[in-house]
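FYI, in this note's numbering the residues of the sequence shown are 3 to 729.
Note that beta-carbon positions come from the ideal geometry of N, C-alpha and C, so glycine has one too.
These figures come from a predicted structure and were not determined experimentally.
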Amino acid sequence: MTNLNINPAPDSSESNHELQKENKELHQQIANLKKEAASHSSGLLGSEEDYRRLVEFSPDAIAIHQKGRFVYVNQAGANLIGAKNGEELVGKPLLDVVHPDYRQMVIKRATQTTQGITTSLQEEKFVRLDGRVIDVEVVAIPIQYEGQPATQVVVVDVTEKKRLAEELRANEERLRLASEAGGLGTWEWDVAADKITLSPNIQTLLGPRTGKFENNLEGFYRLVHPEDRPRVQQNLAQVLEKGEPYDIEFRLNGDGSRPVWIAARARAFFNTQGQPQRLIGVLQNITPRKQAEENLRLLVEASHILAADLDFEATLQNLALLVVPLLADWCAVDLVDKKKHLRRVVLYHSDPDRLEFARKLEERYPPHMAQEFGLVALMKAGKAVIIAEVTENNLLASAQNEEHGRLLVQLGLRSSVIIPLVARDEPLGVLSLSHAESGRQYTAEDLDLLVELGSRAALALDNALLYRKAQEAIQERENFLSVAAHELKTPVTGMRGYAQLLTRQVTKGTIRPEGLAQAVNTIYEQSNKLTQLINQLLDITRIEAGKLALNLQPTNLSEVVRSAVNIAQTTTTRHTLLFQEPASPVLIKVDALRIEQVLTNLLDNAIKYSPEGGPVEIEFGYDISEEEPIVAPGSDMGVTLQKSREKRVRLAVKDWGLGVPEEKRALIFDRYYQAHPGSYIGGMGLGLHITKQIVELHGGEIRAEFPDTGGSKFIVILSDSGLCTEI
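Put into structure tokens, the structure is as follows:
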């Protein structure tokens, strides 16, 4: 049998005592807990009261919304919305004060805060009770309000702040635009840190140089042109030492293009110990102003040079000295000569060796017709042309052969501009400028200056040419008066001599009939010569006044020519006038007396300039031009039309006399011109000039030919507009 050990149960009185003891301790703990809880509750109530008081009197608008409606709004919030107090808004839908554009954002935010998510600062717009829209910044946090999830928002009115920001932005934009328009940029130098800060538009202002800029003082100095650098350094040292305003103009270091001029202005700021802390200022691109000043100076100097001398070749040479090397490495001037060809009068380069090379090149390869035609076309167009880049291919294409091309390339031309010289709508020549070893390039910006320079050169050239013509006219007049006096004196002397002889013979009663006849005949001949000379003077006066009138009548020109030939033959015994009269009369509407004058002048010249005598041929009749095939416009079958025959009257006088030297042939129709001045051959140099004017007044033309066999041939053509069928 197993024995079990069983402990006796405790005495019941002892157990009750323990239970009471434990119960007392438990009640004490409960009392302590209640006391502590009461204490906590009292503190919490105090905190909530303080918080409510803080919210109520907060200068910021604070509101609590729950389930889309306001449950609390402080006074600042009421003021923001335009309500009298917060109670006026309690119960109203939240979205009533939210601008329609922002309602979806607010709904999303309310959902997030209900889920316990605090949102970041957001900008939106509210609509006040008076309808005015305001800009606000809102912070929303999730809270418990009366035991339910709610959202508390703190709202700040930023309407004025945004207005000021927008105004500031607009002002900054206006300042930026004004700075860019005026070529301005701001800069700041922190002296202690040796750090220079440039505004963004400095890059545009200074160009590619700023790409290599080290933002310190030494880097700034490297940007400055070497010739201006000492002056800039000295000026800055005075600013730092004496506090003087920084105000200086200088050039930036060259980069192969035109110099950039900068005006820098700044103010220095010092600490309490008088040490410089920083410089703040502006930079302005004054290149346009400096360029305008330089252009004006150049034009003024050019005007002085151009007005200083009326010898146009010397004047143009001085102009070239001014232009090179300031505006060009090469300068050339071509002028229109009397044959309407271009003649080079100036070629200049500052290097004598290069200049000599170019002159020898021109001597070996004179400009061919295509080159001259191109310059003439540009001159007549009257507009300057820039060849911004002259390539090797351009030079080779313009060369006359391979050697010429190689030599042209050696000149090293890089860029050219061609400026027509025009005055009083009359093209005078061409001014050509070129860059070569300098590496510069002409642009459209150069045109205004160069065209103005060309205009002033053309005006000076025109004045010089007018002066030369005036001097030549004065000399011509002096020569003419001398010749005219001699020519007029000769017949007068002859008439006077015979008149005196007759007077003496009559007085002495020794006059003989044969002597009387000779004297009277001589006086008559000399009076005719005098009359002819006087008529020439009257004709030239009428021509210059534009008052030489024609009396056009249907005329049998054959009779006019026959009469003139017969009269001329009576004046010479050493010449034979050969004339084959046409089989039928030549009928034309002309001024018969003037046409007879034309033929008489030509015959007189032929006789006068054939002192050894000999034949003088007169050709006369209708002149029919040869037919020329003309391809019909638009024809694709080779069909040709025959050019209609043009019926004209042709009159020619040919002699085998002295002729005219080749260098003088272009001048034979000029007024007062004599091919053989000072010789025993008389005349006033008016005959051919008057002849040409009369022929042209009839609508005809006159030209001279000089056969290799010697002598001269003058050909007069009268157009068919004057032809008629009956008289």
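Cβ pair residue i, residue j closer than 8 Å
{"i": "L589", "j": "I620", "result": "no"}
{"i": "R652", "j": "F708", "result": "no"}
{"i": "Q538", "j": "L688", "result": "yes"}
{"i": "Y611", "j": "D672", "result": "no"}
{"i": "A706", "j": "K694", "result": "no"}
{"i": "Q279", "j": "V193", "result": "yes"}
{"i": "L200", "j": "H227", "result": "no"}
{"i": "T115", "j": "I83", "result": "no"}
{"i": "V419", "j": "A460", "result": "no"}
{"i": "L550", "j": "L699", "result": "yes"}
{"i": "K591", "j": "Q555", "result": "yes"}
{"i": "G414", "j": "L423", "result": "no"}
{"i": "G88", "j": "V108", "result": "no"}
{"i": "I536", "j": "A501", "result": "no"}
Cα-Cα separation between residue i and residue j, rounded to whole angstroms
{"i": "P429", "j": "G384", "result": "8 Å"}
{"i": "V160", "j": "I145", "result": "25 Å"}
{"i": "Q738", "j": "A304", "result": "Absent from the structure is residue 738, since the part of the chain shown begins at 3 and ends at 729."}
{"i": "G499", "j": "E480", "result": "28 Å"}
{"i": "P493", "j": "S529", "result": "7 Å"}
{"i": "T602", "j": "Q507", "result": "36 Å"}
{"i": "Y249", "j": "I204", "result": "Note that residue 249 is Asp in the sequence shown, not Tyr. Going from the Cα of D249 to the Cα of I204 covers about 18 Å."}
{"i": "V99", "j": "E139", "result": "14 Å"}
{"i": "T543", "j": "L467", "result": "24 Å"}
{"i": "A265", "j": "S122", "result": "49 Å"}
{"i": "G702", "j": "I696", "result": "9 Å"}
{"i": "L242", "j": "A270", "result": "7 Å"}
{"i": "S436", "j": "D464", "result": "24 Å"}
{"i": "L177", "j": "R54", "result": "49 Å"}
{"i": "A65", "j": "V129", "result": "16 Å"}
{"i": "D625", "j": "A594", "result": "19 Å"}
{"i": "Q402", "j": "G615", "result": "50 Å"}
{"i": "P515", "j": "T509", "result": "15 Å"}
{"i": "Y350", "j": "L483", "result": "42 Å"}
{"i": "D313", "j": "I307", "result": "11 Å"}
{"i": "R267", "j": "L321", "result": "38 Å"}
Under the three-state DSSP convention, the category residue i falls into
{"i": "G712", "result": "coil"}
{"i": "Y611", "result": "coil"}
{"i": "V326", "result": "coil"}
{"i": "D606", "result": "helix"}
{"i": "V57", "result": "helix"}
{"i": "E583", "result": "coil"}
{"i": "F215", "result": "coil"}
{"i": "K694", "result": "helix"}
{"i": "T153", "result": "strand"}
{"i": "A487", "result": "helix"}
{"i": "G456", "result": "helix"}
{"i": "A78", "result": "helix"}
{"i": "L281", "result": "strand"}
{"i": "L312", "result": "coil"}
{"i": "D450", "result": "helix"}
{"i": "P617", "result": "strand"}
{"i": "Y674", "result": "coil"}
{"i": "V442", "result": "According to the sequence displayed, residue 442 carries Arg and not Val. Three-state DSSP puts R442 in coil, outside helix and strand."}
{"i": "D464", "result": "helix"}
{"i": "R346", "result": "strand"}
{"i": "L688", "result": "coil"}
{"i": "V600", "result": "helix"}
{"i": "R514", "result": "coil"}
{"i": "D355", "result": "helix"}
{"i": "K382", "result": "helix"}
In DSSP terms, what residue i is bridged to
{"i": "H658", "result": "Here residue 658 is Trp; the residue named in the question, His, does not match the sequence. W658 pairs with nothing; no bridge assigned."}
{"i": "H700", "result": "H700 pairs with nothing; no bridge assigned."}
{"i": "A706", "result": "F716"}
{"i": "A248", "result": "Position check: residue 248 holds Tyr in this sequence, whereas Ala was assumed. Answer is A268."}
{"i": "H67", "result": "F72 and T153"}
{"i": "I388", "result": "V419"}
{"i": "G623", "result": "R652"}
{"i": "Q286", "result": "L186 and A265"}
{"i": "I731", "result": "Nothing can be reported for residue 731, as the shown portion of the chain is limited to 3 through 729."}
heavy atom of the ligand GDP below 7 Å from residue i C-beta
{"i": "R224", "result": "The ligand GDP is not part of this structure, which contains no ligands at all."}
Legend entry - Uninterrupted beta strand (DSSP E) stretches inside the region 84-147 (no shorter than 3 residues): 124-129 and 135-147
Legend entry - beta strand (DSSP E) segments (min. 3 residues) lying fully within the region 518-579: With a minimum length of 3 residues, the unbroken runs of beta strand (DSSP E) contained wholly in the region 518-579 fall at 555-558.
Inset, instruction - Within the region 401-437, note down every full beta strand (DSSP E) run reaching 3 residues or more, in order along the chain. - result: 417-425 and 428-437
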